Amino acid sequence: MALPTALCSRAIIVPSVSKVLLSKASVTTRQFSAPVKKVVVIHSIGKDRPGIVADVTRIVTDKGGNVGESRAQLLGGHFSLMMLVEIAEKEVKTLEEQLGSGVAGMKTECFEADDQKNATVAPTIAFAGRFKLSGADNPGIVHKLTSVLAHHSLTIGNMKTEHESCPFGGTELFTMEGRALGYEPLASGFEMGKVRDELMELGESLNCDIEFDDITGHSIRH
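Encoded structure:
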C-alpha cells in the first residue's frame with residue numbers, strides 16, 4: 199500500500215535517546231584535595247619505664263601521623279625521645295594536647311618545624327662519619343671536637359661520653375664516640391680529609407687520640 203504523498207514529503211526525525219539523556223542529565227564534578235601536611239617535632243623526657251615509645255607512637259598513629267626520623271637516649275635513669283612526624287595540619291593542635299596528657303610520667307611537647315619548606319621526616323644523608331676520642335679529660339673537650347664538626351656543617355647523629363679511672367697513675371680517662379652526619383646538599387667544598395686533619399690536630403693539642411672514619415653507606419644507627 200502506497201503512503202500518501204503528504205506523509206512521504208515530510209521527514210520524521212527521532213532524537214537520539216543518548217542525546218536526550220545527556221541533555222537532561224546534570225553533571226556533578228567533585229574535586230578532592232589532599233589535606234595540608236605539617237612536619238612537627240616531638241620531644242619527650244622523663245623517668246625511664248617500659249612502653250614510652252609505644253605510648254607516643256600510638257597517639258601519633260591514632261591522629262593519622264607518619265613517624266619519620268627519631269632519636270632516643272637513656273641517661274642516668276632518664277629517657278629522652280625526639281621524633282619528626284608528618285601529620286595533617288588540622289590535627290596538630292589535638293596531637294599536642296594528647297601528647298601533653300597521654301604519656302604517663304613524661305614531659306612531652308610538640309611544635310611545628312621552623313622551616314616547613316625544607317623539613318622532611320626522612321632527610322637524605324649524604325655523608326656519615328664515625329668519631330672516637332680517648333685520653334685525659336680537658337675542660338671544653340666536647341665543645342672543641344663538636345665545633346670542628348659544626349665548622350664543616352656536620353651534625354651529631356648520636357654521641358656517648360664516659361669517664362673511667364686508669365688502672366695506673368690514678369688519672370681519669372675520658373672517651374667520646376658517635377656519628378657525624380651531613381645531609382644533602384653537602385656544604386660547598388666539603389672534604390672528609392680536611393675534617394680528619396683538623397680533628398687530628400685537635401687531638402695533638404689536647405694530648406688525646408681522635409679517630410674519624412667515613413661510614414657512608416653503612417649502618418649509622420648502631
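Using the numbering used here, you'd call the opening residue of the sequence shown number 199 and step up by one each time.
Note that beta-carbon positions come from the ideal geometry of N, C-alpha and C, so glycine has one too.
This structure is a prediction, so every number in the text was calculated from the model and none was measured.
Cβ of Asn336 within 8 Å of Cβ of Leu404? yes
Roughly how many angstroms separate the alpha carbons of His341 and Gly380, rounded to a whole number? When rounded, the separation of the alpha-carbon atoms in His341 and Gly380 is 19 Å.
Going by other Cβ atoms of all chains shown within 10 Å of its Cβ, with 16 needed for buried, is His350 buried or exposed? His350 is classed as buried because its beta carbon has at least 16 other beta carbons within 10 Å across all chains shown.
From Val254 to Glu402, what does the alpha carbon distance come to, in whole angstroms? 44 Å
Please go through the stretch 224-301 and give each complete beta strand (DSSP E) segment of 3 or more residues, from N-terminal end onward. Counting whole runs of 3 or more residues, the stretch 224-301 contains the beta strand (DSSP E) stretches 235-245, 264-273, 276-286.
Roughly how far, in whole angstroms, is the beta-carbon of Ile442 from the beta-carbon of Ser278, given that I think they are within contact range, below 8 Å? As displayed, the chain neither begins before 199 nor continues past 420, which places residue 442 out of reach and without an answer.
Any idea if Ile413 is buried or exposed, counting beta-carbon neighbours within 10 angstroms, 16 or more meaning buried? exposed
Residues of its chain near Ile323, where Cβ-Cβ distance is below 8 Å and the 5 sequence neighbours each way are ignored: Leu379, Gly380, Tyr381, Glu382, Thr414, Ile418
Considering Ser332, what are the terminal residues of the beta strand (DSSP E) in which it resides? 323-334
Report the residue from Asn356, Ser363, Val393, Asp407 whose alpha carbon sits nearest the alpha carbon of Ala270. Asn356
What does a CB cutoff of less than 7 Å around Ile339 pick up in its chain, not counting 5 residues either side in sequence? Phe372, Leu404
Quick one: Cα of Val301 to Cα of Gly376, how far? 29 Å
Taking buried to mean at least 16 other C-beta atoms within 10 Å of its own C-beta, is Asp407 buried or exposed? exposed
What residues are listed by DSSP as bridge partners for Leu371? Partner(s): Ala334, Glu362.
Please report the distance separating the alpha-carbon of Val283 from that of Lys245. 23 Å
On the DSSP bridge list, what partners appear for Glu307? His241
Residues in the same chain with beta-carbon distance under 6 Å from Glu409, minus the five sequence neighbours each way, listed in chain order, please. Lys330
When you compare the CB positions of Val346 and Leu384, do they come within less than 8 Å of one another, or not? No; because the gap between Cβ atoms is not below 8 Å, this pair is not in contact.
How about Val258 and Leu293: are their beta carbons less than 8 Å apart? yes
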